[in-house]
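S.K.: The structure under discussion is supplied below as structure tokens; questions concerning it will follow.
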Amino acid sequence: DIQEALKVFQKGLKLPGSRTDIIRTKNISGPSPVGGSSGGTEGKVVQTLDEFELQAAHYNIACAHARLDQIVESCASLEKAFQVGFDNYATVRADPDLGTVHDSEEFGVLMERYDSKKGFNPFGLFK
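In our numbering, the protein residues as written are 297 to 423.
Right under this line is the structure:
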């Protein structure tokens, strides 16, 4: 069921992820724990999605929206995938799961923005 898959992909954006990070939570008064100046910061270790996990999640969400004929939502999710670094435009143009969006105006505008070199004609400047 595509609707259920979409929900699962959207929940995936809330998973801990594989990237370890430290979030500084507050300043600590007193001597620095590493010497030198006074004070320091307290932090907590968190897990976040890395760029590849974000790319995959947004791409899969775009595919699910396309399969549900939700063109605007599909293109919005594709743009999120592009914004986090997904750049395999040939796959996007050929993926049958995105077939319902390929001929849409939204898709054309999106691809022109991110993959404008496709079909570039250097002699087109001299028309």
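We put the CB at the ideal spot given by N, CA and C, even for glycine.
Could you give the DSSP three-state label for residue 339: helix, strand or coil?
M.R.: Looking at residue 339 - three-state DSSP - the assignment turns out to be strand.
S.K.: For residue 316, which of helix, strand or coil comes out of DSSP?
M.R.: Strand at residue 316.
S.K.: How would you call residue 382, buried or exposed, if buried means at least 16 neighbouring beta carbons within 10 angstroms?
M.R.: By the neighbour-count rule (16 or more Cβ atoms within 10 Å), residue 382 is buried.
S.K.: State the Cα-Cα distance for the pair residue 321 and residue 388, rounded to the nearest angstrom.
M.R.: Near 40 Å, if we compare the C-alpha coordinates of residue 388 and residue 321.
S.K.: Using DSSP bridges, identify the partner residues of residue 344.
M.R.: According to DSSP, which records beta bridges pairwise, residue 344 is partnered with 315.
S.K.: Residue 356 by DSSP, collapsed to three states: which one?
M.R.: In this structure, residue 356 counts as helix in the three-state DSSP scheme.
S.K.: Do you know offhand how far residue 354's Cα is from residue 377's?
M.R.: C-alpha separation (whole angstroms): 5 Å.
S.K.: To the nearest angstrom, report how far apart residue 316 and residue 300 are at their CA atoms.
M.R.: When rounded, the distance between both Cα atoms is 29 Å.
S.K.: Specify, as a first and last residue, the run of the alpha helix (DSSP H) that residue 303 falls within.
M.R.: Note, residue 303: alpha helix (DSSP H), 298-308.
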